[in-house]
Amino acid sequence: MYVCGPTVYDDPHIGHARSAYIFDVIRRYLVYRGYKVKFVRNVTDVDDKIINKAGNEFKGEDLNQATEKVARKYLDSYHAAMKELSIIPPDFEPKATEFIAPDRPAMQKFIQNLIERGAAYTAGGDVYFDIKKARNYGKLSNQSLANMEAGARISPGENKKDPLDFALWKKAKEGEPSWDSPWGKGRPGWHIECSVMSSDILGDEFDIHGGGLDLIFPHHENEVAQSEGAGKKFARYWIHHGLLTINGQKMAKSLGNFVMISDFLKKYPADILKIFFLQAHYSSPVDFTWEKIEEAKKAVQRLEIFLQKVCQMKMPKKLGKIIGIDFVKEKTDSFIEAMDDDFNTPLALGHLFDLVTETNKFIDSGKNDLDYYDKIDAAAVTLQHLTRKIFGLSLNNFAKDGLSEEEAELILQRQEARKSGDFKRSDEIRTKLLKEYGIIVEDTKDGQDWRREI
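Heads up, the sequence shown is in this note's numbering, so the first residue is 274 and it goes up one at a time.
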């Protein structure tokens, strides 16, 4: 798998989180189904946005060094966010600058190959891909060449022959970071990065290329054109995820609706954001609202309450016989069938909630025998296994250990107060536990139950 990663010029937002999480789930599921996955996610660490940010953040400093500082700073920020989200790190994380360095001029060689094959041309220090030499240009984005040409224009300062021709190499501007090439100092165009890095690490043909729907054109369309122009087969399958909006609008700092991952995680655990993402198919657009996040919070609580309930049951025997246990196997098979069908996470997640519902009904049936406990235990083990292994959820709040002495004493005092009929004292302790310790206490037919607030 090759996935288009971040351009590191700012802290990552929840749109970056959705992209990273979608491909994390796909990767996890492929591994779960027995595939050996080599996962590559690139980093664009030099481009106009990074250079502009460097000029603003480090005024007066050497622009080359400032650009490196900006790229390093925000890549560290991205890594920290991915760690907080428990996203599995890629097997390879190539940086664009590593492939234009003097000891590894892979992009320069790739471009030179395109020139020699007649698919690219030089123009005053720039190098452009000749779109007329592409085979079926527009096939990925399902556009006709005539329609694309109708709206294309050549901008001032560009020396290309055709408005649709795109830059493979950009002539250096004074003071900006640049590297040596046969056409003079400069830096690569954006599109060439992925063709070079994917083929260098995964070969001339690989299984899956991923990214957002906004990358289909022109980025991925141009990747296909230049890779095929160099005689490579490129990606067998494309996976594009839908984009994220905030309250129906595109994220924009000017609108004040930019939600950074770090800011979200100050308010909610990562599991809630993940459940929110799982509730929509990866290819669909997602509109983020805080109301929907509260709904996702209730969904996470439902899973945690169930696991806590099972955890507190006194199991005389735990065999964990998942296979062959009627409703547990049925829901597990349905989960796999949904994920096999283009990674249908909303349907798969629904089957897990159905498993919770069926198990709760079974618990309430009150069959106090070993088979009864085996089924309950198998359901809980299955739920934990699938949510953690494939969805990367932690669901840690159901754990009953870790109570402080004060918390345990208050819970005991409330239990005694209820037994003695002092319901006023019981309510006072319940309020104290919630406000001061974040512990929610509930009364059930089997007695007092508690869980930590999310």
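Virtual Cβ for every residue (Gly too), placed ideally from N, Cα, C.
So, helix, strand or coil for THR562, using DSSP? coil
As assigned by DSSP and simplified to three states, the class of ILE373: coil
Where does ASP650 fall in DSSP's three states? helix
Roughly how many angstroms lie between the CA atoms of ASP399 and PHE507, to the nearest whole one? 25 Å
Could you check the C-alpha separation between MET274 and GLN574 for me, to the nearest Å? 33 Å
Please name the residue in ASP487, PRO450, ILE545, ILE512 whose C-alpha comes closest to that of LEU666. ILE545
Any idea which residues DSSP pairs TYR275 with across the strands? VAL313, HIS482
Are the CB atoms of THR518 and PHE561 within a distance shorter than 8 Å? yes
Pop quiz: LEU387 and ALA290 are said to be a contact at Cβ under 8 Å. What is the actual Cβ separation, rounded to whole angstroms? With 8 Å as the limit, LEU387 and ALA290 do not qualify as a contact, their Cβ atoms being about 35 Å apart.
The beta strand (DSSP E) enclosing ALA393, as first and last residue numbers: 393-396
Quick one: what does DSSP say MET533 is sitting in, helix, strand or coil? strand
Considering only residues of the same chain and omitting the five flanking positions on each side of ASN415, which have a CB-CB separation below 6 Å? none
According to DSSP, which residues form a beta bridge with GLY459? LYS444, TRP452
Pull up the distance between the alpha-carbon of ALA419 and that of LYS505, whole angstroms please. 25 Å
Does the beta-carbon of LYS602, which I'm using as the reference point, lie nearer than 7 Å to any heavy atom of the ligand GTP? You won't find the ligand GTP in this model; it holds no ligand whatsoever.
Whole angstroms are fine: how far does the CA of LEU516 sit from the CA of GLY597? For GLY597, the predicted structure reports a pLDDT of 45, less than 50, and the residue's modelled location is therefore unreliable. The matter cannot be settled from this model.
Starting from the Cα of ALA423, find the closest Cα among GLU709, ASP435, PRO429, LEU413 and give me that residue. ASP435
Give me the residue from PRO558, ASP364, ARG306 with the minimum Cα distance to LEU486. PRO558
Assuming SER454 contacts TRP442 (C-beta within less than 8 Å), just tell me the rounded distance between them. 6 Å
How far does the alpha helix (DSSP H) with GLU422 in it extend, from its first residue to its last? 418-423
Can you find the residues in the same chain that come closer than 6 Å, C-beta to C-beta, to GLY457, ignoring five residues on each side of it along the sequence? GLY398
CA-CA distance, PHE696 and SER677? 24 Å
Integer Cβ distance of VAL319 from ARG460, believed to fall under 8 Å: 6 Å
Inter-residue CB distance, THR655 and VAL601 (contact presumed, cutoff 8 Å): 6 Å
Identify which residue in PHE312, ARG306, VAL304 has its Cα closest to the Cα of ALA293. PHE312
Hey, LYS322 and TYR347: beta-carbon distance below 8 Å or not? no
Given a threshold of 16 other Cβ atoms within 10 Å of its Cβ, counted over all protein chains shown, does LEU528 qualify as buried or as exposed? exposed
Let me know if GLU494 comes out buried or exposed under the rule of 16 or more other beta-carbons within 10 Å of its beta-carbon. buried
Unbroken alpha helix (DSSP H) run spanning PHE549, endpoints: 543-551
CA nearest to the CA of GLY484, picked from ASP606, ILE465, ALA503, HIS513: HIS513
C-alpha gap between ASP579 and ILE713, whole angstroms: For clarity, residue 579 is Phe in the given sequence; the question names Asp instead. Their backbone Cα atoms lie some 14 Å apart in a straight line.
Which whole-angstrom value is the C-beta distance of ILE489 and LEU413, which I expect to be below 8 Å? 6 Å
Looking only at C-alpha atoms, which of LYS692, GLU466, THR660 sits nearest to ILE621? According to the sequence displayed, residue 621 carries Ala and not Ile. If we check each option's Cα against that of ALA621, THR660 comes out closest.
From the DSSP output, which residues share a beta bridge with ASP716? GLN721
Would you give the residue range spanned by the beta strand (DSSP E) that PHE402 belongs to? 399-402
On the criterion of 16 or more Cβ atoms from any shown chain inside 10 Å, does ARG314 qualify as buried, or is it exposed? buried
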